[in-house]
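Quick note: the sequence shown, position 45, residue 41 per our numbering, numbers continuous.
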Amino acid sequence: MSSGTAERIMDKAHQLLGDRGYSAFSYADLAEAIQIRKASIHHHFPTKAGLVVAVLERHRNRMMADLDGLEKHVAHPLERLRKYVAH
């Protein structure tokens, strides 16, 4: 699911989820925001729940990669904790 369109869909869905919450955004809102047809969204993400799961998994994977980087590059535990909390 790494096509440019899928990434654009997930980027905007992530923003809309943060701004409005799950119940207050639709595929129509998403399609309008990124100027594509709803059918294109359905092609990549057949269900809204599936889209949200993909967005959350991507976010979690990015967070875990960032945290792994902290463990590798910040030796002092207190400094690592500060950076973790600031993240």
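Glycine included, each C-beta is placed from N, C-alpha and C at the ideal position.
Rounded to the nearest angstrom, what separates residue i and residue j at their Cα positions?
i: L47; j: E75; result: 36 Å
i: I37; j: R4; result: 10 Å
i: V49; j: R56; result: 10 Å
i: N28; j: H10; result: The sequence as given places Glu at residue 28; Asn does not occur at that position. The alpha-carbon atoms of E28 and H10 are separated by roughly 15 Å.
i: Y23; j: A71; result: 45 Å
i: A82; j: F21; result: 29 Å
i: K44; j: Y80; result: 31 Å
Is the beta carbon of residue i sitting closer than 9 Å to the one on residue j?
i: V51; j: L13; result: yes
i: R58; j: M6; result: no
Just curious, the alpha helix (DSSP H) that residue i is in, first and last residue?
i: G84; result: With the chain covering only -3 through 83, there is no way to say anything about residue 84.
- request: Could you pull out every unbroken alpha helix (DSSP H) segment of at least 4 residues lying fully inside the segment 29 to 78, listed in chain order?
  value: 34 to 40, 44 to 69
query: At a cut of 8 Å, does the segment 30 to 49 reach the segment 57 to 77 through at least three beta carbon pairs?
result: no
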